[in-house]
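Heads up: the sequence shown at position 190 corresponds to 187 in our numbering, and the numbers run straight through without jumps.
Note that beta-carbon positions come from the ideal geometry of N, C-alpha and C, so glycine has one too.
Below is one structure, written out as structure tokens, with a few remarks after it.
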Amino acid sequence: PGNFTIRSLFEDHEGNIWIGSDVLYRWNRRSGELRSFESKSGNLDELGSTATWSIIQDHRGDLWFGTYRGLYRYHPADGVQRHFQFVSGNSSGLQEECIYGVFEDREGTIWAVSERYLHRLDDPRRGIFRAYRFGENPPTNEPMSPSLYQDTDGDLWFATNQGLFRFQPAAEAFTSFHNDPGDASSLSHNMIRAITPDPQQPERYLWIGTAGGGLNRLDRETLTFEHFTTKDGLPNNVVYAV
């Protein structure tokens, strides 16, 4: 396909590799075929006709794509697709056009993240969403779509370019965490690149990779951060994955 920016990369249940760029590609590793989903008709509503930021596969086997033009669901067996898109004035739909992150929680509910909103898909058949704004001071630029995590309490955590956000579904409330230069136990850097649970104590600790502040360990009991940087042996203070 030439030179292009890869925004998302995903392996489905069949071992196919999906590549999200300005065009969507699927690489069949068995046959070696690389298929482009670019619309031959120029239909901008078709899957693959726009940049793809996030790809997941749900427990039913359907693939979900967060794109510049909304959210797509794709059924691999027959190729049937559904486009959920932003419509101005529709309070029960997507509240913004560009979807940067998609996530399926443990109950099988699909969540979609845009610039200022978290959307919960309440009725896939009718395309009904419930939207939650990221507090009074939402991120004003793109969240890092791969970094969404549901902790052992059911809370959702989001990595953004302006801090770490937690959403508590039971309370329908957000909490944000930011760097405070006067607080040594605060987040070390606001640009977050990765979130992962501690393998030994997932119920207590989360590891946070930042774009300049090294690695952070969040204690969920005290909501304080411990920092690990090049001074502690990291090769670089930019941590893309944990």
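Nearest in C-alpha terms to residue 13, of all of 56, 44, 60, is 60.
Secondary structure at residue 2: coil, using DSSP grouped into helix, strand and coil. Residue 163 is bridged by DSSP to 154, 172. Counting C-beta atoms within 10 angstroms of its own C-beta, residue 194 has 16 or more neighbours from the protein chains shown and is therefore classed as buried.
C-alpha of residue 45 to C-alpha of residue 10: approximately 20 Å in a straight line. Per the DSSP secondary-structure output, residue 64 pairs in a beta bridge with 49, 67. The C-alpha of residue 24 lies about 8 Å from the C-alpha of residue 16.
Straight-line spacing of the CA atoms in residue 177 and residue 27 works out to 50 Å. The C-alpha of residue 223 lies about 7 Å from the C-alpha of residue 215.
With contacts defined as CB atoms closer than 9 Å, residue 237 and residue 209 fail to qualify as a contacting pair. Positions of the beta strand (DSSP E) runs, each at least 3 residues long and wholly inside the segment 6 to 39, are given as 14 to 17, 21 to 24, 31 to 33 in order along the chain.
With a threshold of 16 other beta carbon atoms within 10 Å, residue 92 meets it and is buried. Bounds of any beta strand (DSSP E) do not take in residue 208, whose DSSP letter is neither H nor E. Residue 216 is bridged by DSSP to 202, 221. Just so you know, the alpha carbons of residue 167 and residue 226 end up roughly 35 Å apart.
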